[in-house]
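Per our numbering, the very first residue in the sequence shown carries number 1453; after that it's consecutive.
All C-beta atoms in this analysis are idealised placements derived from N, C-alpha and C, irrespective of residue type, glycine included.
A quick note: this is a predicted structure, and the numbers were derived from the prediction, not measured.
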Amino acid sequence: MSKIISFFFIFLLIFSAAHLRAENVSGDSASAESPPPSSLVYVMDIDGPIVSTTTDRVLDAISQSEKNHADLLVIRMDTPGGLTDAMWPITKGIMNSTVPVAVYIAPAGARAASAGVYITYSAAIAAMAPSTNIGAAHVVSGTGQPIDSVLSEKIMNDAVAALKAMAERNGRNAQWAEEAARKSVSITSTEALNLHVINFIADNMDDLLAKANGMEINTVLGKKKIILTNPVQRPIKRTFIQALLEVIANPNVAFILFSLGGLGLVLELYNPGSILPGVVGGICIILAFYSFRTLPINYAGLLLIIFAILLFILEIKIVSHGILTVGGIIALIFGGLMLINTTDPSLRISKTVIFSVALVVGGFVAIAFTYALKARLSKPTTGAEGLLGQTGVVKSRIDKTGYVYVAGELWEASADEPLEAESEVIVTEVKDLKIKVRRKW
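Structure representation (structure tokens):
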């Protein structure tokens, strides 16, 4: 019996050991087959002029990437350029980011002009899609003029030095960077690769991430090797407020808002108490001034637009037979042409928009003027003067005086001849709450 019990315990021991071994092997196999953690890559887009709203979006994207410990932030860019006041905070934010930043000029046909060159050079990784271009880095200052013509050659040298410093930090072509700034040269993606302006050409985002993987770059924390394992791309989309502010910051929209705001005030003054035109006009003007804060405004152009609105208001109050309206349209057109003080075509107001808005606003003012003129020329229909020419009925015989019912009221009346009751008469004169009438023939 003891042998049987011993044999039973030995069997249990062997079975338990085998079972534990199987579990360990199974666990090791499962551990070996489990995928490694994925790398987090944030992606944001710049697809327009570099203005203050662009700055806010980029800095927010950098902050979000750092907060969530992203492995890479990709800025996909297609820009005609922009203002230095908006550009410098972006380059500074990129260079001081603890998360590596890649600027990707894409899609095909995209460009990185003017301020876009500086942003590209500030990034640790620079890539371009095929059939794209980069260059013309002669930046525009906050006043809207080229730096060397406004802030002197000294400021241009400072901008070039900053661009060359970015090139040296990220191992790019510093000589071409200076030529792009001073001579506004531009090159294709293939030329940019051959000149070491960019790190590589990428067909798409997956290609970019594959080529960026393993690169050693300089960051604010020192040298860092980019490791992207099963990268997960997470887009950073515009919020509603950011999208709205970007639309408002468009020079064409700013001009339209200010012009429509002026029209709203004109219509409110034409018909006081209507409220809606005044409220909408006030909102449009406030939004326009927000946009002006982000743009290089020529105050002579702004004053011309304000003068145009003043002329439109006077047209409704003064009979000028359209002279003030024509003057207002001319002032509005010249104001629109002069409003944005920059040589950067991406920030200029479209001439089509200027002429269309001027004609629409002028047309509404002309219509309002026509109605106002008709009101002035029409006979009064209320008060004492409104009784002139009205037809009434004699209620008590008029010898020297009597009473006439006219316009819903009973008036004391006189006439040059006796008039019997129920006779129809016409009011010829109103004086001291009395009327004079004559027989209606």
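Q: Could you tell me if W1863 is buried or exposed, where buried requires 16 or more neighbouring beta carbons within 10 angstroms of its beta carbon?
A: Here residue 1863 is taken as the residue at index 411 of the sequence shown, counted from 1. W1863 comes out buried.
Q: May I ask you to verify whether the stretch 1840 to 1859 touches the stretch 1813 to 1822, counting CB pairs closer than 8 Å and requiring at least 3?
A: no
Q: With DSSP as the reference, please indicate the residues paired to E1881 in a beta bridge.
A: Position 429 of the sequence shown, counted from the start, is the residue given in the question as residue 1881. Answer is K1888, bridged to E1881.
Q | Candidates N1651, T1671, V1672: closest to A1662 by CA position | A | One-based indexing of the sequence shown puts residue 1662 at position 210. When each option's Cα is compared against that of A1662, the closest is N1651.
**Q.** CB contact below 9 Å: V1684 versus chain B
**A.** Among the chains of the structure shown, chain B does not appear; only one protein chain is present.
(Q) Do P1541 and T1671 have their beta-carbon atoms positioned less than 9 Å apart in this structure? (A) On the sequence shown, position 219 is the one that residue 1671 refers to. On the sequence shown, position 89 is the one that residue 1541 refers to. Their beta carbons are not under 9 Å apart, which means T1671 does not touch P1541 by this criterion.
Q | Integer Cβ distance of V1510 from A1701, believed to fall under 8 Å | A | Stepping through the sequence shown from its first residue, residue 1510 is reached at position 58. Stepping through the sequence shown from its first residue, residue 1701 is reached at position 249. Not quite, the Cβ-Cβ distance comes to about 14 Å (not below 8 Å), so this is no contact.
Q.
Please give me, in chain order, every unbroken run of the beta strand (DSSP E) with length at least 3 that falls completely inside the stretch 1799 to 1874.
A. 1843 to 1848, 1853 to 1858, 1861 to 1867
Q | Of the residues R1745, G1713, T1795, the one placed nearest V1812, counting alpha carbons only | A | Along the sequence shown, one-based indexing puts residue 1812 at 360. That would be G1713, whose Cα lies nearest to the Cα of V1812.
Q: Using alpha carbons as the reference points, say which of A1867, E1872, D1868, G1860 lies closest to S1848.
A: Position 396 of the sequence shown holds residue 1848. Closest by alpha carbon: E1872.
Q: Under the assumption that S1641 contacts M1580 (Cβ atoms under 8 Å), give the Cβ distance between them as a whole number of angstroms.
A: By 1-based counting over the sequence shown, the position of residue 1641 is 189. By 1-based counting over the sequence shown, the position of residue 1580 is 128. That pair is a contact at about 4 Å.
Q | First through last residue of the beta strand (DSSP E) which encompasses S1638 | A | Working through the sequence shown from its first residue, we reach residue 1638 at position 186. 1638 to 1640 is the extent of the beta strand (DSSP E) around S1638.
Q: Could you tell me whether any non-hydrogen atom of the ligand PLP is closer than 8 Å to the CB of V1771?
A: With respect to the ligand PLP, the structure shown offers nothing to examine, as it has no ligands at all.
Q) In this structure, does DSSP put L1525 in helix, strand or coil? A) Reading the sequence shown from its first residue, position 73 is the one you call residue 1525. Strand.
Q.
I believe G1568 touches T1531 by the beta-carbon criterion, under 8 Å. Please report the beta-carbon distance rounded to the nearest angstrom.
A. Taking the first residue of the sequence shown as 1, we reach residue 1568 at position 116. Taking the first residue of the sequence shown as 1, we reach residue 1531 at position 79. Their Cβ separation, rounded to whole angstroms, is 4 Å, which keeps G1568 and T1531 in contact under 8 Å.
(Q) I'd like to check one pair, Y1573 with A1513: are the Cβ atoms closer than 9 Å? (A) The residue given as residue 1513 occupies position 61 in the sequence shown. The residue given as residue 1573 occupies position 121 in the sequence shown. Cβ distance not < 9 Å, so A1513 and Y1573 don't count as in contact.
Q | Cβ shell of G1730 (< 7 Å), same chain only, five flanking positions each side left out | A | Start at 1 with the first residue of the sequence shown, and residue 1730 comes out as number 278. Answer for G1730: G1716, L1717, E1720, listed in chain order.
Q | Own chain, CB closer than 7 Å to F1816, minus 5 neighbours either side, in chain order | A | Walking along the sequence shown from the start, residue 1816 turns up at place 364. Hits under 7 Å: L1715.
Q) Apart from the five residues just before and just after S1549, which ones in its own chain have a Cβ nearer than 8 Å to its Cβ? A) Along the sequence shown, read from residue 1 onward, the residue named residue 1549 stands at position 97. Contacts found: I1514, S1517, E1518, L1525, T1671, V1672.
Q: Note down the Cα distance separating A1538 from I1775, rounded to an integer number of angstroms.
A: What you label residue 1538 is simply residue 86 of the sequence shown in a count that begins at 1. What you label residue 1775 is simply residue 323 of the sequence shown in a count that begins at 1. The alpha-carbon atoms of A1538 and I1775 are separated by roughly 42 Å.
Q: List the endpoints of the continuous alpha helix (DSSP H) containing P1687.
A: As a working note, residue 1687 is residue 235 in the sequence shown. No alpha helix (DSSP H) contains P1687, which is instead part of the beta strand (DSSP E) from 1684 to 1687.
Q) Which word fits V1856, buried or exposed, when buried means at least 16 other C-beta atoms lie within 10 angstroms of its C-beta? A) One-based indexing of the sequence shown puts residue 1856 at position 404. For V1856, the number of other beta carbons within 10 angstroms of its own is at least 16, and it is reported as buried.
Q. For the beta strand (DSSP E) that contains N1585, what are its first and last residues?
A. Translated into the one-based positions of the sequence shown, residue 1585 becomes position 133. Counting along the chain, the beta strand (DSSP E) containing N1585 begins and ends at 1585 to 1587.
Q. According to DSSP, is V1551 helix, strand or coil?
A. Position 99 of the sequence shown holds residue 1551. If DSSP states are grouped into helix, strand and coil, V1551 belongs with coil.
Q) Run through DSSP, which three-state label would K1455 get? A) The sequence position of residue 1455 within the sequence shown is 3, counting from 1. Confidence is the limiting factor: at K1455 the pLDDT is only 45, short of 50, which leaves the residue's position unreliable, though a coordinate-based value still follows. Helix.
Q | Element boundaries [beta strand (DSSP E), containing L1492] | A | The sequence position of residue 1492 within the sequence shown is 40, counting from 1. For L1492, the enclosing beta strand (DSSP E) begins and ends at 1492 to 1498.
Q. What residues in its chain sit with their C-beta under 7 Å from that of V1612, if we drop five residues either side in the sequence?
A. By one-based count along the sequence shown, residue 1612 stands at place 160. Answer for V1612: E1630, A1633, R1634, listed in chain order.
Q: Report the three-state DSSP secondary structure of G1534 (helix, strand or coil).
A: As a working mapping, residue 1534 is identified with position 82 in the sequence shown. Strand, per DSSP.
Q: Name the residue from I1781, A1740, S1638 whose alpha carbon lies nearest to the alpha carbon of E1698.
A: Within the sequence shown, the letter at position 246 stands for residue 1698. Nearest C-alpha to E1698: A1740.
(Q) Just to confirm my understanding: we take L1644, look at its own chain, exclude 5 residues before and 5 after, and list those with CB closer than 7 Å. What are they? (A) Within the sequence shown, residue 1644 is the residue found at index 192, counting from 1. In the sequence as displayed, the identity of residue 1644 is Ala instead of Leu. Hits under 7 Å: M1580, I1586, I1650.
Q) Any idea what DSSP makes of W1893, helix, strand or coil? A) Locating residue 1893 in the sequence shown gives position 441, where the first residue counts as 1. W1893 falls in the coil class under three-state DSSP.
Q: Could you spell out where the beta strand (DSSP E) holding G1674 opens and where it closes?
A: In the sequence shown, counting from the first residue as 1, residue 1674 sits at position 222. Note, G1674: beta strand (DSSP E), 1674 to 1677.
**Q.** Whether A1867 touches V1882 by CB criterion (9 Å)
**A.** Within the sequence shown, numbered from 1, the residue matching residue 1867 stands at position 415. Within the sequence shown, numbered from 1, the residue matching residue 1882 stands at position 430. Not a contact, by the Cβ cut-off of 9 Å.
Q) Who does A1578 pair with in a DSSP beta bridge? A) Translated into positions along the sequence shown, residue 1578 becomes position 126. Under DSSP, A1578 forms a beta bridge with V1555.
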